[in-house]
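Asker: For the sequence shown, position 196 (counting from the first letter as 1) is numbered 176 according to my numbering, and the numbering increases by one without interruption. We put the beta carbon where it would ideally sit given N, CA and C, even for glycine.
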Amino acid sequence: MKVVVTEALRELARTHRIFSPTADRLWPLGATLVVGRDAIIEPYTHLLGGFLVPARFGAFTYSHSAFDIHTRIGRYGSIAWGVKLMGSAHPHQWAAMHPFSHNPGPLPGLGAYLADVGAAPLEPFAFAQRPAAVMIGHDVWIGNEASLQRNITIGHGAVIGAQAVVTRDVPPYAIVAGSPARVIRYRFEESLIEDLLASEWWRYGPDVLQALDVRDPAGFLDRLREREARGDVSPMDLTPLTGEAILQACAAD
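(1) What separation, rounded to the nearest whole angstrom, lies between the Cα atoms of Ile53 and Arg183?
(2) Just to confirm before moving on: does the CB-CB distance between Arg165 and Ile155 stay below 8 Å?
(3) Grouping DSSP H, G and I as helix and E and B as strand, with all else coil, what is Tyr42?
(4) Let me know if Thr12 comes out buried or exposed under the rule of 16 or more other beta-carbons within 10 Å of its beta-carbon.
(5) If you follow the beta strand (DSSP E) that Tyr93 is in, where does it begin and where does it stop?
(6) Please go through the same chain and pick out, in chain order, the residues whose beta-carbon is closer than 7 Å to the beta-carbon of Met66, but skip the five residues on each side of it.
(7) Would you kindly check if the distance between the Cβ of Ile49 and the Cβ of Ala19 is under 8 Å?
(8) Throw me the rounded Cβ distance for the Glu120 and Ile132 pair, which I believe falls under 8 Å.
(9) Is the separation between the beta-carbon of Pro297 and that of Pro84 shorter than 8 Å?
(10) Taking 7 Å as the line, does the beta carbon of Ser127 fall inside it for any heavy atom of the ligand FAD?
(11) Classify Thr(-14) as buried or exposed, calling it buried when 16 or more other Cβ atoms lie within 10 Å of its own Cβ.
(12) Taking DSSP's pairing of strands, which residues face Met216 in a bridge?
(13) With DSSP run on the structure shown, which of helix, strand or coil describes Val139?
(14) Can you tell me whether Ser45 is buried or exposed? The criterion is at least 16 other CB atoms within 10 Å of its CB, across all chains shown.
(15) Between Leu87 and the rest of its own chain, which residues show a CB-CB distance below 8 Å, the 5 nearest in sequence each way excluded?
(16) List, from N- to C-terminal side, the beta strand (DSSP E) runs of 3 residues or more that fit wholly inside the segment 4 to 31.
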């Protein structure tokens, strides 16, 4: 849904600690924002790539690229410029792939041609499109100008190389690159990956994590377990900004 940014929404973003690329770190007054009613945006996020609000956007994630309203992105994500979702699929197994056969509506030239030759509007054939959702896990790093196929999942801790063309799911902690993207290697040994996933360390704030020394992954996990056993760390309890609240704020002014 498209809405116009109001002062009420800017104040809502300010109180929820949602940051944009403008000088005052807020969405510009009067700009058009695209958001879904079910969107959930956690505090301390950085939507730096435009005015499309993803379905989920986790705390401390920053993105210099815009994603559609179906995309779900976890916490602590690092997303560079020019990352894009691939376009809709075409029926490549048909004799002709052009949308005249299955989706003529968005192309006014088709209607103009039919009118000029006195032909009736085309009855499109059914063609099932793949769901648009892309799932991006926690602590994922995506390089400049990577392309992501729709309906894929990028696992926690994965690295996507610059200009990679990702056409399938990416396993957790995999480093992928190329066109099409392939697994180059994994960041850690399998046992350490399993331990990192089991820890769900992204539940904690950066104040807790930095004190555990992230430079030593195995030691980091040991220290996290020790603090959890002592009961002196607690997961973050964050109140998100919802799409419903955004829509209400824009309707209020």
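Answerer: Checking against the coordinates, here is how it stands:
(1) Rounded to whole angstroms, Ile53 to Arg183 spans 14 Å at the Cα level.
(2) Yes. Within cutoff.
(3) In the three-state scheme derived from DSSP, where H, G and I count as helix and E and B as strand, Tyr42 is classed as strand.
(4) With fewer than 16 neighbouring CB atoms inside 10 Å of its own CB, Thr12 falls in the exposed class.
(5) No beta strand (DSSP E) contains Tyr93, which is instead part of the alpha helix (DSSP H) from 88 to 97.
(6) Within the same chain, Ser127, Leu128, Gln129, Arg130 come within 7 Å of Met66 by CB-CB distance, once the 5 residues on both sides are set aside.
(7) Closer than 8 Å, so yes.
(8) A quick correction: the sequence has Val, not Glu, at residue 120. Approximately 12 Å separates the beta-carbon atoms of Val120 and Ile132; this is outside 8 Å, ruling out the contact.
(9) This structure cannot settle anything about residue 297, because the visible part of the chain is limited to -19 through 233.
(10) This structure lacks the ligand FAD; in fact it carries no ligand of any kind.
(11) With 16 or more other CB atoms across the displayed protein chains lying within 10 angstroms of its CB, Thr(-14) is buried.
(12) Met216 pairs with nothing; no bridge assigned.
(13) Under the three-state reduction of DSSP output, Val139 falls in the strand class.
(14) Looking at its Cβ environment, which holds 16 or more other Cβ atoms inside 10 Å, Ser45 is buried.
(15) In its chain, beyond the 5 residues on either side, Pro79, Phe80 have a beta carbon closer than 8 Å to the beta carbon of Leu87.
(16) Fully enclosed beta strand (DSSP E) runs of 3 or longer: 12 to 14, 25 to 27.
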